[in-house]
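For the first sequence, position 43 matches number 231 in our numbering, and the numbering has no gaps at all. Okay, structure first, notes after.
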Amino acid sequence: MILPQAFYERDTVSVAKKLLGCYLVHIENGKTAIGRIVETEAYVLNDPACHAFRGKTKRNSVLFGSAGHAYVYLIYGMYYCFNAVTGPEGTGQAVLVRALEPVDGIDLMRERRGSDELKLLCNGPGKLTQALAIDISFNGLPLFGGTIQIWSLESLPGFEIIGADNIVQTTRVGISQAKDKLLRFYLKDNVYISRK
DNA sequence: GTACTGATTTTCT
DNA sequence: GAAAATCAGTACC
């Protein structure tokens with residue numbers, strides 16, 4: 189099923205954990221690329237590392253919109269990061285998707301990434317946007333019915349339910365503010381995460 | 001194996 | 001002018 193908008197309206201940390209094991213799907217001109225989310229980070233209220241912390245700007249305006257939309261921005265002048273807006277509208281919170289396990293459209297991902305190595309296709313925020321061809325034009329698009337969607341397959345037989353025992357909680361990557369907050373989550377023992 | 005560097009643009013000080 | 005939610009390549013141990 190496609191995760192409904194209400195899924196994203198809950199608190200950001202819960203959404204970050206619940207997104208683990210879900211599937212990020214990009215369908216474009218009949219070409220499909222799907223990855224299983226294995227690593228996320230929460231950017232929350234009163235969080236100096238969150239782009240919304242210093243108020244609304246042109247770049248982060250989507251963060252202050254309603255939950256369940258994509259927040260995409262350019263980082264270090266060359267890579268895009270993909271987030272899902274969370275929480276009550278206007279609070280400026282989001283979950284950053286940091287790594288995917290390639291599931292479908294793998295040859296397409298290899299082509300876009302210029303690499304054959306499965307483990308290197310989506311194991312980082314800049315890499316997964318490249319593999320799924322996500323760029324700034326996706327900023328603000330809904331995740332519940334557009335060209336980019338997030339699916340949960342938990343209710344189907346044969347798909348693993350992710351519990352607390354399978355989630356590792358640790359500190360976020362690449363930030364200098366609020367370094368000590370434990371707001372990064374990844375699937376235990378998964379080889380497709382960006383780093384230990 | 002780890003460590004450092006260049007690429008490149010938006011944003012804020 | 002500096003820093004930023006990064007990555008790939010190179011140098012060196």
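The C-beta atom is built at its ideal place from N, Cα and C for all residues, glycine as well.
- By the C-beta density criterion, S325 is exposed, having fewer than 16 other C-beta atoms within 10 angstroms.
- A distance below 7 Å between beta-carbons, with the five flanking residues on each side excluded, links R224 to the following residues of its chain, in chain order: G209, Y211, L288, E289, V291.
- Nearest to I190 by C-alpha distance, out of I355, R247, F332, D323, is F332.
- In the three-state reduction of the DSSP assignment, T317 falls in the helix class, which pools H, G and I.
- Rounded to whole angstroms, the separation of the alpha carbons of L309 and R198 is 30 Å.
- Taking a C-beta distance under 8 Å as the contact criterion, G328 and V250 qualify as a contact pair.
- Of A352, V201, N311, the smallest CA-CA separation from E229 is found for V201.
- Contact between the segment 215-223 and the segment 235-244 is absent, with fewer than three C-beta pairs closer than 8 Å.
- Counting C-beta pairs with one atom in each stretch, the segment 355-362 and the segment 370-380 have three or more that are closer than 8 Å, which means they touch.
- Note that the C-beta distance between T317 and Y268 is below 8 Å.
- Here C269 is bridged, per DSSP, to Y261.
- Of the candidates F241, L320, R247, L320 places its Cα closest to the Cα of I294.
- In summary, F347 is exposed, with fewer than 16 beta-carbon neighbours lying within 10 Å of its beta-carbon over all protein chains present.
- Secondary structure note for E229: its beta strand (DSSP E) is the uninterrupted segment 219-231.
- The straight-line gap separating the alpha-carbon atoms of L344 and T245 is approximately 41 Å.
- A255 and N311 have their C-alpha atoms spaced approximately 25 Å apart.
- Taken through DSSP and simplified to helix, strand or coil, E289 comes out as strand.
- Short of 8 Å from the beta carbon of R247, and not among the five residues preceding or following it, lie these beta carbons of its own chain, in chain order: H239, Y261.
- Contact between P330 and V285 fails: their C-beta atoms lie close to 16 Å from each other, not under 8 Å.
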